[in-house]
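Asker: Structure provided below as structure tokens; questions to follow.
In our numbering, the protein residues as written are 44 to 260.
The following block contains the structure:
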């Protein structure tokens, strides 16, 4: 059992990941913005912790991470503007790194994005800024001395998982169900031997447990 701070607990990946972590016996502290979200998270088995990534500084993040063994960052601005992208997708992971280091937490997991995202199709304005921000956050985590894992999913689908994925350091671009992202994250968290690795993820035909087991060196 690990004590896990889940950042992005109410998002498309986070709210699917939470019950998997609880079911596995972990004690999850779930960061959220509104009181109503807190009630839902408590009902799901988490300890809710109210906080807004747009307002939290490194000290607040450090306080939130006290007593935790693992930090999972699955939050994202989801195209809601450059300010939010910079603060959530960019500074959010940087604050997570500082919080982990200050609290002696070695294990951190970051949901990022595959570099090919958006290629070959019309994308929203500022998409390149979003991708650059994601890459900068990845680079900051890789440069740290933490035992990090970065998961880069393809195009995220608003669907539950079907236990059929493709997972490797480098794979062709494709889509992936948010439920499959959550399932892979949960399995990675329960496989601490996998660390300091970047993996790309799409839907595929390999069961999650088998796909993750195949990554162990």
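Glycine is no exception: its CB is placed at the ideal position from the N, C-alpha and C atoms.
Here the structure is a predicted model, which means the values were calculated and not measured.
Closer than 8 Å by C-beta to residue 89: which residues in its own chain qualify, once you throw out the five before and the five after it? Chain order, please.
Answerer: In chain order, 49, 52, 61, 65, 71, 72 and 73 place their CB closer than 8 Å to the CB of residue 89, counting only its own chain and leaving out the 5 sequence neighbours on each side.
Asker: Tell me which residues share the same chain as residue 94 and place their Cβ nearer than 7 Å to its Cβ, disregarding the 5 neighbours each side in the sequence.
Answerer: 74, 103 and 107
Asker: Label residue 259 either buried or exposed according to how many other C-beta atoms from any shown protein chain fall within 10 Å of its C-beta, with 16 as the threshold for buried.
Answerer: exposed
Asker: Given residue 236, which residues of its chain have a CB within under 6 Å of its CB, disregarding the five upstream and five downstream residues?
Answerer: 259, listed in sequence order.
Asker: Spatial neighbours of residue 125 within its chain, please: C-beta separation below 8 Å, excluding the five flanking residues on both sides.
Answerer: 169 and 172
Asker: Quick one: which unbroken alpha helix (DSSP H) runs of 4-plus residues sit fully inside the stretch 110–181? Chain order, please.
Answerer: 135–146
Asker: By Cβ distance, which residues of its chain are closer than 6 Å to residue 250, with the 5 residues on each side in sequence left out?
Answerer: 206
Asker: With H, G and I counted as helix, E and B as strand and the rest as coil, what does DSSP make of residue 98?
Answerer: The answer is coil: DSSP assigns residue 98 none of H, G, I, E or B.
Asker: Using 8 Å as the threshold, is the C-beta distance between residue 57 and residue 117 below it?
Answerer: Going by C-beta atoms, residue 57 is nearer than 8 Å to residue 117.
Asker: Taking the alpha carbon of residue 246 as the point to measure from, which residue in 226, 44, 96 and 238 has its own alpha carbon closest?
Answerer: 226
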